[in-house]
Structure formats: structure tokens, C-alpha cells
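According to this note's numbering, the sequence shown is numbered sequentially starting from 737.
Think of the CB as a built atom: it goes at the ideal place given N, C-alpha and C, for glycine as much as any other residue.
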Amino acid sequence: MTETQAIIDSYQRAKAENVHAALATVVRVEGSAYRRPGARMLITETGQTTGVLSGGCLERDVCERAVKVMRTGEPVVVKYDTTSEDDIVWGLGLGCNGVVQVLIEPANSECMNDFMLLLTACSKGQRRGAVATAIQLNGETGTTIGSRVLLYPNGEVAGEFFSLQIFDELREAVRSGISTTKHYEAEAGEIDVFIEVIEPKVQLVIFGAGHDAIPLVALARTLGWHTTVVDTQSRAASQTRFGEADEVLLCRPEEVRSRVLLTKRTITVMMTHNYLHDLELLKTLLSSPAPYIGCLGPRRRTERLLQELSIDDELIPEVSLDRLHAPVGLDIGAETSEEISLSIVAEIKATLAGRNGGLLRSRKGTIHVNYAEPAERRARVGVGQTNDLESYDAASLVALCST
């Protein structure tokens, strides 16, 4: 189960039991931090929490402030500054060397229900959504902290518009898959808005129902991916054997084109251990929009498959071969089925993130993507509703985490 699904489930339980709750969301990060913008944690009045925002140094204070938010119904953005290089700060686990802003808002509202519907729609579907959230206000803006505009996967829009540009910004976020922060002029004030892309589950289709596919399904399910196993030998026993999978299809290779949904978001892995089956599958997958095609087995075997396809058909375009990962997986010295599954999942994750899967110590630059700050942002204090932004510097956090 993904963290997002766990939060949705906790929210639904709290709502059904009429328990007050608050949602805390990382909305802006400057420098390094344990989690990136979009990380969430749900807190109930009974003290239960779902999700994490940091390595453990911020959660206690966030929970205490969530109690006040639940009582007053007023959202707040809290700023935590961990940029101090004081050794005592590092000793308390605050050595992220960054600034984190967290939006804490009541979860018992129609607006929050709409947001949870968006998260649910993206979690259960195959298309992105996006949400724009007001996180800082200056002057008379005509809106409030936490106000949202929602773009659902089906194209529907709901919420409070901050600007005529917002719809185009949300559509661009869905197209690019990049979350960002934008600055808008509104009436007699200014608004900073966090535009967040809501990703659907990873759709993994595994062709092959052998013993080595079982740990791959298990690991993918641990990450919350939607898993489909296609047994190209059409054995009825596979329905039971892969009970953890979301779906099991008994489907001959020549039937895949008509029975298996292959889209621009479908991740595929071939592990049938049958040369002729793989030959037919590879022909189908290379002509599909699937962005990732993993092929288990030695490189020489894949080269032979491609050679046969090139003889039967025209030469395979390079753009199609760019999607082919053969041998599939990262080079981690994997030997067992479990280790091979780990290497495959790691490569898929790296590919989806646009990474090469190398050692972090060899990476140049920052580990995480830098979320763009609005170029025209004005850091004005004490104007309009900027008192909604509470701030902690590193020294204050020492006391905070030692209590």
C-alpha cells in the first residue's frame, strides 16, 4: 500500500467515525530536507498519525499544532529552519541543512473531501491530476491559506480560482509531471501557490508466471504498484499462485495485443523463459506505447530476438530500442530471485525518476529535484495575512526536539 492510499484510508475512517483530523503537507523546501514538497501526514484528535514529513524531528511539533488547527479550524503554514551548522543541532538529527514549510489544515471540510477524491481518482486510475494550493498571502487577496484549485484526471476542475492562469498552469503540470511554486497578483495582494502533480500508481505488467516472478510481484506490491501477471502458458494454477497480484491473465502471446492494456504509463517485464513466447511478446511491446520494456536473460539472447524481428519486419527504430532494458535490472550482483527482483524494481524506479541508478556518493549536485521558486516572489513581513506563516530557526528546533 502506498503512503497516499494509507492516508486516504485513515481519512475515510476518521470521517466515518466522526473523528476530527488535520492534514499536514510539506509545501516548500529550500536546500536539503528528508522529504520533498507533497509529503503528507494525517493526524487525528486521538493522536493517530499516518505518513511522515521528516526523519522524526518535526512530527511532534506538527502534531501539537495540528491539535490547535483542529480546535480553531484555521489552517497555518509553519516554517522550520535547519540550516544551522551548530554541532548540537546535528546531534539531534536536524542536520538536513534546509528550510521546510508545512501547511497544517483541518481535514473535516468539504474542500478536504474534494482533495481526497482527487487523490483517490489518481490512485485508482492511470492518469495524473494536479492541485494548486495557496501557501502564502500578502495584502488583500480575496482568498485564504489552504484554498485549492483541483484538476481531476478526467479534466474536471473544482475549487477557488486564484488567477485566470491557474488552469493553464495545472494542465502544464500534468503534461510535464513537474511540481512547482508560482506567484500571482490578486486584487490588491499577492499569492504564492504550490502546484503539485498527483501521480497515479505505477502500472506493472509481468509476462511470465514462473517462480522468479513471485518475489517481483511481492516487492512491487510493497511499493503500492498495480501489478498484473500474464501467464503466457495459460495455466489455471497461476490464478492462485499469484494471489497477491491485482490481476492475473491467462493469455497466449498472440492474444496480448487485444487483451492487455498497454499505454504510455505501462511498465512491462518479460520473464517467460520461453524464447518463442518472448519473440512474439517483444514484437507486440516494441510496437506499443509502453515506455519501459524489461527483458530477463542474457544480452546475447535479446540480440538474437531483435535480429529475428528485424528479418521478419523492417529495421526496428532506435526510439523503440531506447525503451528496451535488456538484460533487465541494475548491476548489483543479484543471484537469487529475490535479489533479481530488487534489481529490476530499482531500475524501474530509477527510469521513472529520470535517473541512471548509480551510487549517490558519485552523483554531482543535489540528490533531489529542486522545486522552482517564483522569480518575482516578494519576501514582505507583517503585511496582510503573512502572520499565518510561523517560523522556527535552528536554535529553536534544538529545544523543540529535546522535549
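Tell me the rounded alpha-carbon separation between residue i and residue j.
i: Thr740; j: Thr819; result: 29 angstroms
i: Gly895; j: Gly979; result: 40 angstroms
i: Ile881; j: Phe903; result: 19 angstroms
i: Ser1077; j: Glu876; result: 55 angstroms
i: Ile840; j: Leu952; result: 37 angstroms
i: Glu1044; j: Leu940; result: 26 angstroms
i: Leu886; j: Ala868; result: 7 angstroms
i: Met1007; j: Gln872; result: 50 angstroms
i: Glu781; j: Arg911; result: 38 angstroms
i: Pro755; j: Thr738; result: Reading off the sequence, residue 755 comes out as Val, not Pro. Looking at the two C-alpha atoms, the distance is approximately 23 angstroms.
i: Ala1070; j: Gly1101; result: 29 angstroms
i: Arg807; j: Ser845; result: 13 angstroms
i: Cys987; j: Glu753; result: 44 angstroms
i: Ala972; j: Arg907; result: 44 angstroms
i: Thr917; j: Val762; result: 12 angstroms
Would a C-beta distance cut-off of 8 angstroms place residue i and residue j closer than the cut-off?
i: Ala870; j: Ala909; result: no
i: Val798; j: Val838; result: yes
i: Ser1056; j: Gly1065; result: no
i: Ser883; j: Gly774; result: no
i: Leu1012; j: Val996; result: no
i: Val938; j: Ile1003; result: yes
i: Ser1024; j: Leu1060; result: no
i: Pro842; j: Gly878; result: no
i: Val992; j: Leu1017; result: yes
i: Ser1046; j: Pro936; result: no
i: Arg776; j: Ile744; result: no
i: Gly913; j: Arg863; result: no
i: Ala758; j: Val814; result: no
i: Val965; j: Ala981; result: yes
i: Arg771; j: Ser790; result: yes
i: Tyr920; j: Ile927; result: yes
Grouping DSSP H, G and I as helix and E and B as strand, with all else coil, what is residue i?
i: His1013; result: helix
i: Tyr747; result: helix
i: Leu1032; result: coil
i: Gln862; result: coil
i: His756; result: coil
i: Ile902; result: helix
i: Met777; result: strand
i: Leu1060; result: strand
i: Phe851; result: helix
i: Gln969; result: coil
i: Thr738; result: coil
i: Ile1103; result: coil
i: Glu935; result: coil
i: Leu1096; result: helix
Relative to the C-alpha of residue i, which candidate in the options has its C-alpha closest?
i: Glu892; options: Ala857, Gly913, Thr880; result: Ala857
i: Asn890; options: Leu854, Val814, Leu1018; result: Leu854
i: Val836; options: Glu781, Ala752, Arg764; result: Arg764
i: His1009; options: Asp948, Lys918, Arg749, Gln872; result: Asp948
i: Gly1093; options: Glu1016, Leu778, Ile1068; result: Ile1068
i: Ala1089; options: Pro1027, Ala945, Ser1098; result: Pro1027
i: Ala1086; options: Ser912, Ile1103, Arg864, Thr1072; result: Ile1103
i: Val1081; options: Glu905, Ser899, Ala956, Gly944; result: Ala956
i: Asp817; options: Ala758, Asn874, Ala769, Gly925; result: Ala769
i: Arg749; options: Asn874, Thr917, Gln784; result: Gln784
i: Arg977; options: Ala945, Ser970, Cys987; result: Ala945
i: Glu1039; options: Ala1062, Lys1019, Glu795; result: Ala1062
Is the closest heavy atom of the ligand GDP to the C-beta of residue i under 7 angstroms?
i: His947; result: For the ligand GDP, the structure offers nothing, since it holds no ligand at all.
Contact check, residue i vs residue j under 8 angstroms by CB: the rounded distance?
i: Leu1042; j: Ile1029; result: That pair is no contact at about 11 angstroms.
i: Asp778; j: Gly787; result: One detail in the question is off: residue 778 reads as Leu in this sequence, not Asp. The pair is a contact, with the Cβ atoms about 6 angstroms apart (cut-off 8 angstroms).
i: Thr963; j: Ile942; result: 7 angstroms
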